[in-house]
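Residue numbers for the sequence shown follow my numbering, beginning at -12 and rising by one. By construction, the Cβ of each residue, glycine as well, lies at the ideal position given by its N, Cα and C atoms.
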Amino acid sequence: ALAEIRTDADLAAAMSSEQKLCQRSSERKSIVEVSELVNKAVREFKRQSGERVEVKLTQAQPVHVIVNPLEFELVIINLLRNAAQALQELGVSNPKVDLTIRRSDNSAMITIEDNGHIEKETIAKLSEPTNSTKADGLGLGLQIVRSIIENHGGKISFSQATSGGLRVEIRLPVQEETK
């Protein structure tokens, strides 16, 4: 019973935090170059995780977006943490995550791919609210990530990478740099 109370309390706290994030998000948005925030998020992820996962970042050209920098960094850290946990649970001996930033028409595309293995049925479940692939997960992490991305005018999608791992693609509207 105590575990259920904790779970309910965690769920309520996370939902309340999500609502507050969405309300404040528009208040603190600014024009930023995507790779600056992604690099900062990667450094923080590595500091937290102890560098157990190799993270490679590739970017063709600078891409600017309007985001709340803190929220965007939290999105990237959360997705990297999810990938690292999945790779550890799968026992991948050389865990890697590839991050790619590129521009496609009027969108900034941020792609995160891991070298694990995920079933297509599991990918479909990732889009469902409060559904988790983790034994002790509430499924709120991806829901909060989705809310943040959508609150910034973007979209997030999940698919299977050519390597068999998970591919997460974030699309955000590009902000033309003013000179």
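Start-to-end residues for the beta strand (DSSP E) that takes in V42: In the DSSP annotation of this structure, the continuous segment of the beta strand (DSSP E) that includes V42 starts and ends at 41 to 46.
Cα-Cα separation between P56 and K16, rounded to whole angstroms: Each residue's alpha carbon lies about 7 angstroms from the other.
Per the contact definition of three or more C-beta pairs closer than 8 angstroms, is the segment 129 to 144 in contact with the segment 42 to 50? The segment 42 to 50 is not in contact with the segment 129 to 144.
On the three-state DSSP scale, how would you describe L(-11)? Any answer about L(-11) is weak, because its pLDDT of 42 lies below 50 and its placement is not dependable; what the coordinates show is given next. L(-11): helix per DSSP, three-state reduction.
Among the candidates L61, V54, H51, K112, whose CA atom is the shortest distance from the CA of K27? Ranking L61, V54, H51, K112 by Cα distance to K27 puts L61 first.
Continuous beta strand (DSSP E) stretch holding A95: start and end: 94 to 101 is the extent of the beta strand (DSSP E) around A95.
Considering just the uninterrupted stretch of the alpha helix (DSSP H) at I110, what are its terminal residues? Following the DSSP letters along the chain, one finds I110 inside the alpha helix (DSSP H) bounded by residues 107 to 113.
Answer with buried or exposed for E102, where buried requires no fewer than 16 other C-beta atoms within 10 angstroms of its C-beta. Checking the sequence shown, residue 102 turns out to be Asn, not Glu. So N102 counts as buried.
Mark A70 as exposed unless 16 or more other C-beta atoms lie within 10 angstroms of its C-beta, in which case mark it buried. A70 comes out buried.
With L159 and G141 assumed to form a contact (beta carbons below 8 angstroms), what rounded beta-carbon distance in angstroms separates them? 4 angstroms between Cβ atoms; contact.
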